[in-house]
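**Q** The structure under discussion is supplied below as C-alpha cells; questions concerning it will follow.
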Amino acid sequence: MKRHLTAALLVLFCTTSILYAQQSAVFTNDLAAFQDAVALYNNQQYLAAQTQFTKIKNTTKNETIEADCSYYIANAAIRLNQQSADALM
Numbered sequence: 012m013k014r015h016l017t018a019a020l021l022v023l024f025c026t027t028s029i030l031y032a033q034q035s036a037v038f039t040n041d042l043a044a045f046q047d048a049v050a051l052y053n054n055q056q057y058l059a060a061q062t063q064f065t066k067i068k069n070t071t072k073n074e075t076i077e078a079d080c081s082y083y084i085a086n087a088a089i090r091l092n093q094q095s096a097d098a099l100m
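Using the working numbering, you'd call the opening residue of the sequence shown number 12 and step up by one each time.
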C-alpha cells in the first residue's frame, strides 16, 4: 500500500512540474523579448523599440507586460513626434 502511495505521489509531482515548467517558458520568452525592446528604447532606437513592443503586446498573455508595452509604445510615439501620440496616452 505504501508503495502505491509513493508511486502515485511521484507521478503527481512529475506531472505538476512539467505543467509549471511549460508555463514559465512562455513567460520567460515574453520577458526576454520585452527586455530586448527596453534595451532598444534605452539606446534611443525608438522606432525599432516601438515595433518590438507592438509585437509583444499583441502576442503576450501577461497583463503586466502588455500594460508596460502600451506605456513604451506611447512614450516612443511622443519621442518620435508621431501624430497619434496624444491618442496613445
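Glycine included, each C-beta is placed from N, C-alpha and C at the ideal position.
Under 8 angstroms between the Cβ atoms of ALA87 and ILE67?
**A** Here residue 87 corresponds to residue number 76 of the sequence shown, with the count starting at 1. Here residue 67 corresponds to residue number 56 of the sequence shown, with the count starting at 1. Not in contact: ALA87 and ILE67 (Cβ atoms no closer than 8 angstroms).
**Q** At 3 residues or longer, what runs of the beta strand (DSSP E) sit wholly inside the stretch 35-92?
**A** Segments of the beta strand (DSSP E) lying fully in the stretch 35-92: there are none.
**Q** Ignore the nearest five residues each way along the sequence and tell me which others in THR27's own chain have a CB closer than 6 angstroms to its CB.
**A** For the purposes of this step, residue 27 is taken as the residue at position 16 of the sequence shown. Caution applies to THR27, whose pLDDT of 49 falls short of 50 and renders its modelled position unreliable; the value that the coordinates give is listed next. Within the same chain, THR27 has no close Cβ partners at all.
**Q** Which same chain residues end up closer than 6 angstroms to ALA60 when comparing Cβ atoms and leaving out the 5 residues on each side of it in sequence?
**A** As a working note, residue 60 is residue 49 in the sequence shown. Around ALA60: ALA48, LEU51, TYR52 and ALA87.
**Q** Going by other Cβ atoms of all chains shown within 10 Å of its Cβ, with 16 needed for buried, is THR70 buried or exposed?
**A** By 1-based counting over the sequence shown, the position of residue 70 is 59. THR70 is exposed by the Cβ-count criterion.
**Q** Under 6 angstroms Cβ to Cβ from GLU77, same chain only, skipping five residues before and after it: list those, please.
**A** Mapped onto the sequence shown, residue 77 falls at position 66. Counting only Cβ-Cβ distances below 6 angstroms, and skipping sequence neighbours, we find LYS68 and THR71.
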